[in-house]
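In what follows, a single structure is set out as structure tokens and then discussed.
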Amino acid sequence: MMIDRPRLRRKDVPEYLRTKHGIDIAYATLEKLASVGGGPAMQYQGRFPLYHKDDLDKWADERISPAVRSTSER
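Using our numbering, read the sequence shown as starting at 838 and increasing by one per residue.
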């Protein structure tokens, strides 16, 4: 039985972001962002960081620009 988890462990986040949003991010980059800031919001269960899918979706949307018709619109 497959359970759709609302929170993901850090090791599962890169695949989720790549599959759902087309964003490639390395596990090591998530680790660094967790340390210095700028990454998606997280919660802890003991020593394990957990990322809620809603927070990942919001973070991904913030990183993607609005649609443009030419490079001069960026």
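Idealized CB from N, CA, C, for every residue including glycine.
So what's Arg906 in DSSP terms, helix, strand or just coil?
Counted from its first residue, the sequence shown places residue 906 at position 69. Three-state DSSP puts Arg906 in coil, outside helix and strand.
Using DSSP with H/G/I as helix, E/B as strand and the rest coil, what is Pro851?
As a first step, residue 851 is located in the sequence shown; it is residue number 14 there, counting from the start. If DSSP states are grouped into helix, strand and coil, Pro851 belongs with the helices.
I'd like to confirm the pairing. Which residues does DSSP put opposite Pro886 in its beta bridges?
Residue mapping note: residue 886 aligns to position 49 of the sequence shown, counting from 1. Its beta-bridge partners are Tyr881.
With a 10 Å radius around its C-beta and 16 neighbouring C-beta atoms as the bar for buried, classify Gly883 as buried or exposed.
On the sequence shown, position 46 is the one that residue 883 refers to. Of the residues assessed, Gly883 falls on the exposed side of the cut-off, its CB having fewer than 16 other CB atoms within 10 angstroms.
So what does Leu893 bridge to, in DSSP terms?
As a first step, residue 893 must be located in the sequence shown, where it is residue number 56. Looking at the DSSP output, Leu893 sits in no beta bridge, so it has no partner there.
Identify the continuous alpha helix (DSSP H) that holds Ala865 and give its terminal residues.
As a first step, residue 865 is located in the sequence shown; it is residue number 28 there, counting from the start. Per DSSP, the continuous alpha helix (DSSP H) segment holding Ala865 begins and ends at 864-873.
DSSP on Arg900, reduced to helix/strand/coil?
As a working note, residue 900 is residue 63 in the sequence shown. It is helical.
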